[in-house]
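Q:
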Amino acid sequence: MSEYERNGCNTDSIHFYAMCDSACYRSKEKAKQEFGLIKTRLKTYRFTKESLCRALKAGHAVCGSVLVGGTKDANFNAGQLIGVDFDNAESIRDERGKVIEERKIEPGEPGYMYRALALARCRDYGVYPVCVYSTLRESRDWVKFRMLFLLNEQIDECSTIRSAIAGLLQIFPEADQACKDASRVFLGSNGEVFETYKSRFWQPCDVDLFTVHAPKSETPSRPRKAGILPRRVRKPIVRGRHIKIEELKRSFDLLSLMGESAGAIARNSEEYAQFVECPICGHHGCLTYYKKSNSYYCFSKDHDRGGSVIDWVMELHDIQFQEAIEMLGVCDG
Ligand SMILES: [Zn+2]
Numbered sequence: 001m002s003e004y005e006r007n008g009c010n011t012d013s014i015h016f017y018a019m020c021d022s023a024c025y026r027s028k029e030k031a032k033q034e035f036g037l038i039k040t041r042l043k044t045y046r047f048t049k050e051s052l053c054r055a056l057k058a059g060h061a062v063c064g065s066v067l068v069g070g071t072k073d074a075n076f077n078a079g080q081l082i083g084v085d086f087d088n089a090e091s092i093r094d095e096r097g098k099v100i101e102e103r104k105i106e107p108g109e110p111g112y113m114y115r116a117l118a119l120a121r122c123r124d125y126g127v128y129p130v131c132v133y134s135t136l137r138e139s140r141d142w143v144k145f146r147m148l149f150l151l152n153e154q155i156d157e158c159s160t161i162r163s164a165i166a167g168l169l170q171i172f173p174e175a176d177q178a179c180k181d182a183s184r185v186f187l188g189s190n191g192e193v194f195e196t197y198k199s200r201f202w203q204p205c206d207v208d209l210f211t212v213h214a215p216k217s218e219t220p221s222r223p224r225k226a227g228i229l230p231r232r233v234r235k236p237i238v239r240g241r242h243i244k245i246e247e248l249k250r251s252f253d254l255l256s257l258m259g260e261s262a263g264a265i266a267r268n269s270e271e272y273a274q275f276v277e278c279p280i281c282g283h284h285g286c287l288t289y290y291k292k293s294n295s296y297y298c299f300s301k302d303h304d305r306g307g308s309v310i311d312w313v314m315e316l317h318d319i320q321f322q323e324a325i326e327m328l329g330v331c332d333g
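Counting in the working numbering, the sequence shown runs from 1 upward without gaps.
(1) Buried or exposed: residue 126, going by 16 or more other Cβ atoms within 10 Å of its Cβ?
(2) Can you find the residues in the same chain that come closer than 7 Å, C-beta to C-beta, to residue 122, ignoring five residues on each side of it along the sequence?
(3) Could you check whether the Cβ of residue 24 sits closer than 7 Å to any heavy atom belonging to ligand 1?
(4) What is the rounded straight-line gap between the Cα of residue 99 and the Cα of residue 287?
(5) What residue from 119, 159, 97, 192 has the CA that sits closest to residue 140's CA?
(6) Mind listing, in chain order, the continuous alpha helix (DSSP H) runs of no fewer than 4 residues lying wholly within the segment 240 to 298?
(7) Tell me which residues pass a beta-carbon proximity test against ligand 1: closer than 6 Å to any heavy atom, given in chain order.
(8) In the DSSP assignment, what are the bridge partners of residue 147?
(9) Could you tell me the distance, in whole angstroms, from the CA atom of residue 209 to the CA atom of residue 163?
(10) Could you tell me the boundaries of the alpha helix (DSSP H) in which residue 93 lies?
(11) Decide if the segment 62 to 79 is in contact with the segment 175 to 193; the criterion is three or more beta carbon pairs, one per stretch, under 8 Å apart.
(12) Give a yes or no on whether the C-beta atoms belonging to residue 137 and residue 83 are separated by under 8 Å.
(13) Tell me which residues share the same chain as residue 72 and place their Cβ nearer than 6 Å to its Cβ, disregarding the 5 neighbours each side in the sequence.
(14) DSSP three-state call for residue 123: helix, strand or coil?
(15) To the nearest angstrom, how far is the alpha carbon of residue 227 from that of residue 318?
(16) Where in the segment 20 to 107 do unbroken runs of the alpha helix (DSSP H), each at least 4 residues long, occur, reported from the N-terminal end onward?
(17) Does the separation of the CB atoms of residue 259 and residue 194 fall below 8 Å?
(18) Would the beta-carbon of residue 313 fall within 8 Å of that of residue 116?
(19) Answer yes or no: do residue 26 and residue 59 have a C-beta to C-beta separation smaller than 8 Å?
(20) Quick one, which of 135, 131, 52 has its alpha-carbon nearest residue 32's?
(21) Are the segment 296 to 307 and the segment 320 to 330 touching, with three or more C-beta to C-beta distances below 8 Å?
(22) Hey, would you say residue 119 sits closer than 8 Å to residue 256, going by beta carbons?
(23) Report the CB separation of residue 52 from residue 19 in whole angstroms; it is logged as a contact under 8 Å.
(24) For residue 40, count the other beta carbons within 10 Å of its own beta carbon; 16 or more makes it buried, fewer makes it exposed. Which is it?
(25) Does DSSP classify residue 14 as helix, strand or coil?
(26) My output table needs one value for residue 222: the three-state DSSP class, helix, strand or coil.
(27) Does residue 276 pass the burial test, meaning 16 or more other C-beta atoms within 10 Å, or should it be called exposed?
(28) Do the CB positions of residue 289 and residue 154 come within less than 8 Å of each other?
(29) Could you check which residue in 298, 180, 77 has the C-alpha nearest to that of residue 168?
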């Protein structure tokens, strides 16, 4: 029996192999300078979701594939972990394709992505990441993050890993489309790693499934040309399927979404989960998630209200109802 069969879809307790650097970095510049060194130091380790998150949090670079020899796809041996980057940047390239400048994409512009929306889209496609983390260059006013996913089994064909990555890039046209290699090295985080509560395996064969089942007009398949952003109108984040408001309130993975901005859980009982921090009012110990009703409440005296996933998105991003349900991809009525 494989670990996949033993554990169903849940990735919490499974083991997988990936490569990891022994050094830690907190600065992108330093890591970039020493990238050659990082690559030579990569060694294969047996990870769990938790130990992977710990390594990333400490600032270790990780390669999702096990390579024998240098870091290129030709040396691919096995792999199970893949990822996508959201830099919220547009690369301006010269005629030879070399990046000469990076322009920031502002919230609301086509191609912009933030964590809650990325997670909501994951949910819609059934591809649950094992973690979401801040990359080294994320700052207060420039959102940059990476999502990692575990495939349902160790893959020994490089082309399968590559097509799984290509599938992810189709789901996320906002992601950096330049990273297609199985041998890619992911630098560690700046310290912010969100380990998802509900991560699941993802079968590489699902790539075809997405391509076939996504409505043609909405398939975000066009790759980015150098220096040109894809011309896209702002679309609902949930594609291919319209869900009703009540269904969204009931079934949305609100706990994971809350954890993404609230962080650690202080108390977790059968009925509720209480977060240490509350991103809505800024106080401690006031934010509670209720499992039965899939709702939240902030008990602080200057806030004292709560509600569904829609209220959460409205409060957190300070937006109106209509904008929140558009973000969540709900078809009203
Ligand atoms: Zn609060």
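Where a beta carbon is used, it is the ideal one built from N, C-alpha and C, also for glycine.
A: This is what the structure gives:
(1) exposed
(2) 128, 129
(3) no
(4) 44 Å
(5) 192
(6) 245 to 251, 254 to 262
(7) 278, 280, 281, 283, 286, 287, 298, 300, 303
(8) 84, 132
(9) Confidence is the limiting factor: at residue 209 the pLDDT is only 34, short of 50, which leaves the residue's position unreliable and the question unanswerable from this model.
(10) Not the alpha helix (DSSP H): residue 93 falls in the beta strand (DSSP E), residues 89 to 93.
(11) yes
(12) no
(13) 183
(14) helix
(15) The predicted model places residue 227 with a pLDDT of 29, which falls under 50 and marks its position as unreliable, so this point remains unresolved.
(16) 28 to 33, 35 to 41, 49 to 58
(17) yes
(18) yes
(19) yes
(20) 135
(21) no
(22) yes
(23) The pair is not a contact, with the Cβ atoms about 11 Å apart (cut-off 8 Å).
(24) exposed
(25) coil
(26) In this prediction, residue 222 scores a pLDDT of 36, lower than 50, which makes its location untrustworthy; the coordinate-derived value is nonetheless stated afterwards. In this structure, residue 222 counts as coil in the three-state DSSP scheme.
(27) exposed
(28) no
(29) 180
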